[in-house]
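Peer 1:
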Amino acid sequence: MSKTILLQPHLSEKTYAQSAKGVYAFIVPTDVNKHTIARAVEEQFEVKVASVNVINQDGKAKRVISLTGKRQKNRNGKRSDFRKAYVTLAEGNTLPFFADVEESEQQEAASQEKVDKAIAKKADKEAKPVRRGILRKKADEETK
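Using my numbering, the first residue of the sequence shown is number 9, and each one after it goes up by one.
1. When the Cα of Lys154 is compared with those of Gly100, Gly67 and Ala28, which residue comes out closest?
2. Excluding the 5 residues flanking Glu165 on each side, which residues of the same chain have their C-beta closer than 8 Å to its C-beta?
3. Might you give, ordered along the chain, the residues of its own chain that have their beta carbon closer than 7 Å to the beta carbon of Ser20, omitting 5 neighbours on each side?
4. Should Asn64 and Ile73 be called a contact, given that it needs their Cβ atoms to be closer than 8 Å?
5. Report the partner residues of Asn64 according to the DSSP bridge assignment.
6. Cα-Cα, which of Leu97, Glu150, Gln26 and Ala48 is closest to Gln16?
7. Is Val72 helix, strand or coil by DSSP?
8. Roughly how many angstroms separate the alpha carbons of Asp124 and Asp132, rounded to a whole number?
9. Grab me the residues of Val40's own chain with a C-beta within less than 6 Å of its C-beta, minus the 5 sequence neighbours each way, in chain order.
10. Flag this pair as yes or no: are the beta carbons of Thr96 and Val31 separated by less than 8 Å?
11. Let me make sure I understand the geometry here. Which of Ala28, Gly85 and Ala128 has the alpha-carbon closest to that of Lys70?
12. Leaving out five residues on either side along the sequence, give the residues of the same chain with a beta carbon under 7 Å from the beta carbon of Val36.
13. Just curious, the alpha helix (DSSP H) that Ala48 is in, first and last residue?
14. I'd like the list of long-range same chain contacts for Met9, defined as Cβ closer than 6 Å, with 5 residues on each side in sequence excluded.
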């Protein structure tokens, strides 16, 4: 009996850089092992998994301040622990949600090029002196 696990993609700058190498990060429940994670990724995304590395991450310590009546109580709390899985896919396999990010980066680069061209064109136009009225007539007379 195979249990299905929830694979939550972990999206950060580091994982975007690693996705180019075929390594993808997921936040998984703390009670699953590498074999279960590999099987779940293969079933859900229909890809071939080469290896899985896991990290057990402790939750951050947080302070909770509560006001009850006239008293203030400081209590120490903690976020829940989680497990991060770095899944390396076999050669030629990719995951679709990381591909969308790469496409959007290409579109941003293209739009940035358009903006740069427009700025350069505007700067060239401003560099030319525009003479109108009496000043233009005087400039034309001087060139003759």
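Note that beta-carbon positions come from the ideal geometry of N, C-alpha and C, so glycine has one too. Quick caveat, the model's predicted, so the values are computed rather than measured.
Peer 2: The short version:
1. Any answer about residue 154 is impossible in this case: the structure gives the chain only from 9 up to 152.
2. Examination of residue 165 is not possible in this model, given that the chain is present from 9 through 152 alone.
3. Looking up residue 20 in the sequence shown gives position 12. Correct list: empty, nothing qualifies.
4. Reading the sequence shown from its first residue, position 56 is the one you call residue 64. Reading the sequence shown from its first residue, position 65 is the one you call residue 73. Result no, Cβ atoms of Asn64 and Ile73 do not sit closer than 8 Å.
5. In the sequence shown, the residue the question calls residue 64 occupies position 56. Answer by DSSP bridge pairing, in chain order: Arg91.
6. Residue mapping note: residue 16 aligns to position 8 of the sequence shown, counting from 1. Out of Leu97, Glu150, Gln26 and Ala48, Ala48 has the C-alpha closest to the C-alpha of Gln16.
7. For the purposes of this step, residue 72 is identified with residue 64 of the sequence shown, where counting begins at 1. Of the three classes helix, strand and coil, the one that applies to Val72 here is strand, per DSSP.
8. The residue labelled residue 124 in the question sits at position 116 within the sequence shown. The residue labelled residue 132 in the question sits at position 124 within the sequence shown. Going from the Cα of Asp124 to the Cα of Asp132 covers about 12 Å.
9. Locating residue 40 in the sequence shown gives position 32, where the first residue counts as 1. Cβ neighbours of Val40 beyond the five flanking positions: Ile13.
10. Start at 1 with the first residue of the sequence shown, and residue 96 comes out as number 88. Start at 1 with the first residue of the sequence shown, and residue 31 comes out as number 23. Yes, they are a contact pair.
11. On the sequence shown, residue 70 is found 62 positions in, with the first residue counted as 1. The shortest Cα separation from Lys70 among Ala28, Gly85 and Ala128 belongs to Gly85.
12. Position 28 of the sequence shown, counting from 1, holds the residue named residue 36. Only Ile13, Leu15, Ile45, Arg91 and Ala93 meet the Cβ criterion.
13. Locating residue 48 in the sequence shown gives position 40, counting from the first residue. Note, Ala48: alpha helix (DSSP H), Lys42 to Phe53.
14. As a first step, residue 9 must be located in the sequence shown, where it is residue number 1. Below a pLDDT of 50, predicted positions are generally treated as unreliable, and Met9, at 40, falls in that range; no measurement from the model is reported.
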